[in-house]
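Enquirer: The structure follows.
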Amino acid sequence: PMPPPPDPPAAPPLPPGPPALPPTPPPPSPPGPPPPRPPPPPPPPSPRPPPPSMLSVLNTRWAAGKPAAALDEAGILIHIFDGVTSRTNPFEPCGSAWCARLRDRLSVSVVNARRPDVYPKGSCAGLVVASEMAEPRCSYYSDGGSNRMLCLAASPKEPLRVDGECVPGCGPQWCVSLEPLLHCHAGCAWRPDQLEQMLLQQEHVNNRHACLHNEVVLRPLADRMPQALAAVFMLPSCVGTAEAEEVRQLHARLLLTYGLSSKRLPLLVYNPDHSTDPFSDASGGRGRRMGHGGQAGVVGRRDRGWLSRLRRISHGLALSLFEGLNG
1373 PMPPPPDPPA APPLPPGPPA LPPTPPPPSP PGPPPPRPPP PPPPPSPRPP
1423 PPSMLSVLNT RWAAGKPAAA LDEAGILIHI FDGVTSRTNP FEPCGSAWCA
1473 RLRDRLSVSV VNARRPDVYP KGSCAGLVVA SEMAEPRCSY YSDGGSNRML
1523 CLAASPKEPL RVDGECVPGC GPQWCVSLEP LLHCHAGCAW RPDQLEQMLL
1573 QQEHVNNRHA CLHNEVVLRP LADRMPQALA AVFMLPSCVG TAEAEEVRQL
1623 HARLLLTYGL SSKRLPLLVY NPDHSTDPFS DASGGRGRRM GHGGQAGVVG
1673 RRDRGWLSRL RRISHGLALS LFEGLNG
């Protein structure tokens, strides 16, 4: 048999084709919105308003004063220079043995628009005591005769003390009710936490006789200086006198001794006859009356008038009569 014919030769491979084209990229996306702008920086904080002046604080507190348990709600604490303290240092007793026995207390009055009167027999000047630094021992709806309530011997070297119920300047009787006492001199003392009762009693009793001021007995201030001082003041009767010059010198010494500014410890005039803004700036020498906004007002425009001054004269006469009858 015949062998099969050989397979035909394989066809030569085809030449490689052109390389494949890369895929067509998608068209670019349209641009998006721009990123949000950062918020603008906050505006700088407004400057804080300056704190109210001591003059404004005192006039505001005086106007709002009322019978209250807290001293800062009751009014302003006024100490009239009464001869018990040194004229050059109002926180030290005078040089006599009599003053030395009174070195364990300081007498002040709470004054406000309802009861503006101060002790009538002392100097025409004094101190405004910072109520937050005051430590009351007792109070009286009128003059308490506190100089008769002694706990110390005459020697100034004897340490200060409170022995039992011997509270300097207080007692010996303690008030228990708002009984309508009808005499000028307070017959009992109110405890330190009964200030509101004393002021209510004063409003009731002092409408019925000529004794106008109250008395609050404090612990001495010497260990709380200068924080215990709010101002130095003089009454209108002082302005233009030699005593006014002494007060100015005392004010200057206090500023120098404690490194204070006259804004922190101002020199003021206190006029209890004004029904509004009784404190005014005395540093310029004339004691112009100033309002809450610092504008000068007209002295006497809101004066309580001759009737108020007549009552104050009667007040002093009645107190003198009482002290004469009681030695």
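So the mapping is simple: our numbering equals the position in the sequence shown, first residue as 1, plus 1372.
Note that beta-carbon positions come from the ideal geometry of N, C-alpha and C, so glycine has one too.
Source: prediction; values computed, not measured.
1. Thinking C-alpha only, which one of S1652, P1380, A1442, P1417 is nearest F1605?
2. Go to L1590, then tell me how far its beta strand (DSSP E) extends in each direction, as first and last residue.
3. Count the other CB atoms, across all protein chains shown, that sit within 10 Å of the CB of S1503; report buried if there are 16 or more and exposed otherwise.
4. Since V1589 and R1475 are thought to touch, with beta carbons under 8 Å apart, how far apart are those beta carbons, to the nearest angstrom?
5. How big is the Cα-Cα spacing for F1453 and S1481?
6. Report the option in L1393, A1446, A1383, T1432 whose CA atom is closest to the CA atom of L1571.
7. Any chance the region 1637–1656 sits against the region 1595–1610, with 3 or more Cβ pairs inside 8 Å?
8. Is the CB-CB distance between P1592 and L1478 below 8 Å?
9. Please classify P1488: is it buried, with 16 or more other beta-carbons within 10 angstroms of its beta-carbon, or exposed?
10. Pull up the distance between the alpha-carbon of L1584 and that of G1559, whole angstroms please.
11. Alpha carbon to alpha carbon, how far is V1456 from M1505? Give it in angstroms, no decimals.
12. Cβ atoms of L1601 and H1576: under 8 Å apart, would you say?
13. For G1437, does the count of other Cβ atoms within 10 angstroms reach 16, so buried, or fall short, so exposed?
14. Please give me, in chain order, every unbroken run of the beta strand (DSSP E) with length at least 3 that falls completely inside the region 1585–1661.
15. Is it buried or exposed, Y1630, if we count other Cβ atoms within 10 angstroms and call 16 or more buried?
16. What is the DSSP secondary structure of S1481, reduced to helix, strand or coil?
17. Which value, in whole angstroms, describes the spacing of the CA atoms of R1520 and L1499?
18. Out of A1435, D1515, K1493, R1473, state which residue places its alpha-carbon closest to the alpha-carbon of N1484.
19. Per DSSP, what are the beta-bridge partners of P1508 in this structure?
20. What does the alpha-carbon distance come out to for the pair L1443 and P1421?
21. Within the same chain, show all residues whose beta-carbon is closer than 7 Å to that of S1418, passing over the 5 residues directly before and after it, in chain order.
22. Quick check on L1386: does DSSP put it in helix, strand or coil?
23. Name the DSSP beta bridge partners of A1497, please?
24. Could you check whether the region 1425–1434 touches the region 1632–1641, counting it as contact only if at least three pairs of C-beta atoms, one from each stretch, sit closer than 8 Å?
25. Out of C1542, H1451, L1393, which has the shortest C-alpha to C-alpha gap to G1494?
26. From S1634 to V1501, what does the alpha carbon distance come to, in whole angstroms?
27. In this structure, does DSSP put L1430 in helix, strand or coil?
Expert: This is what the structure gives:
1. Translated into the one-based positions of the sequence shown, residue 1605 becomes position 233. Cα-wise, what sits closest to F1605 is S1652.
2. Start at 1 with the first residue of the sequence shown, and residue 1590 comes out as number 218. Note, L1590: beta strand (DSSP E), 1587–1590.
3. In the sequence shown, residue 1503 corresponds to position 131, counting from 1. Classification for S1503: buried.
4. On the sequence shown, position 217 is the one that residue 1589 refers to. On the sequence shown, position 103 is the one that residue 1475 refers to. At roughly 13 Å, the Cβ-Cβ gap does not stay under 8 Å, so V1589 and R1475 are not in contact.
5. Here residue 1453 refers to the residue found at position 81 when the sequence shown is read from its first residue. Here residue 1481 refers to the residue found at position 109 when the sequence shown is read from its first residue. About 12 Å.
6. To locate residue 1571, count along the sequence shown from 1; it is residue 199. Selected option, being the one with the closest Cα: A1446.
7. yes
8. Along the sequence shown, one-based indexing puts residue 1592 at 220. Along the sequence shown, one-based indexing puts residue 1478 at 106. Going by C-beta atoms, P1592 is nearer than 8 Å to L1478.
9. To locate residue 1488, count along the sequence shown from 1; it is residue 116. Buried: at least 16 other Cβ atoms inside 10 Å.
10. Counted from its first residue, the sequence shown places residue 1584 at position 212. Counted from its first residue, the sequence shown places residue 1559 at position 187. Roughly 15 Å between the two C-alpha positions.
11. Walking along the sequence shown from the start, residue 1505 turns up at place 133. Walking along the sequence shown from the start, residue 1456 turns up at place 84. The straight-line gap from Cα to Cα measures roughly 21 Å.
12. As a working mapping, residue 1576 is identified with position 204 in the sequence shown. As a working mapping, residue 1601 is identified with position 229 in the sequence shown. Cβ atoms of H1576 and L1601: not closer than 8 Å.
13. As a first step, residue 1437 is located in the sequence shown; it is residue number 65 there, counting from the start. G1437 should be labelled buried.
14. Runs found: 1587–1590, 1601–1606, 1639–1642, 1651–1653.
15. Sequence index remark: in the sequence shown, residue 1630 carries index 258 (1-based). Y1630 comes out exposed.
16. Counting from one through the sequence shown, the residue named residue 1481 turns up at place 109. Reduced to three states, the DSSP call for S1481 is strand.
17. Here residue 1520 refers to the residue found at position 148 of the sequence shown. Here residue 1499 refers to the residue found at position 127 of the sequence shown. The alpha-carbon atoms of R1520 and L1499 are separated by roughly 23 Å.
18. For this step, residue 1484 is matched to residue 112 along the sequence shown. N1484 has its Cα closest to that of A1435, out of A1435, D1515, K1493, R1473.
19. For the purposes of this step, residue 1508 is taken as the residue at position 136 of the sequence shown. For P1508, which the question treats as bridged, DSSP gives the partners L1590.
20. In the sequence shown, counting from the first residue as 1, residue 1443 sits at position 71. In the sequence shown, counting from the first residue as 1, residue 1421 sits at position 49. Taking the straight line joining both Cα atoms gives about 27 Å.
21. Against the sequence shown, residue 1418 aligns to sequence position 46. For S1418, where only same-chain residues beyond five positions count, there are no Cβ hits under 7 Å.
22. As a first step, residue 1386 is located in the sequence shown; it is residue number 14 there, counting from the start. Of the three classes helix, strand and coil, the one that applies to L1386 here is coil, per DSSP.
23. One-based indexing of the sequence shown puts residue 1497 at position 125. Note: A1497 is bridge-paired with M1606 in the DSSP secondary-structure output.
24. Contact holds: three or more Cβ-Cβ distances are below 8 Å.
25. The residue given as residue 1494 occupies position 122 in the sequence shown. Closest by alpha carbon: H1451.
26. Taking the first residue of the sequence shown as position 1, residue 1634 is located at position 262. Taking the first residue of the sequence shown as position 1, residue 1501 is located at position 129. Whole-angstrom Cα-Cα distance: 16 Å.
27. Along the sequence shown, read from residue 1 onward, the residue named residue 1430 stands at position 58. Reduced to three states, the DSSP call for L1430 is helix.
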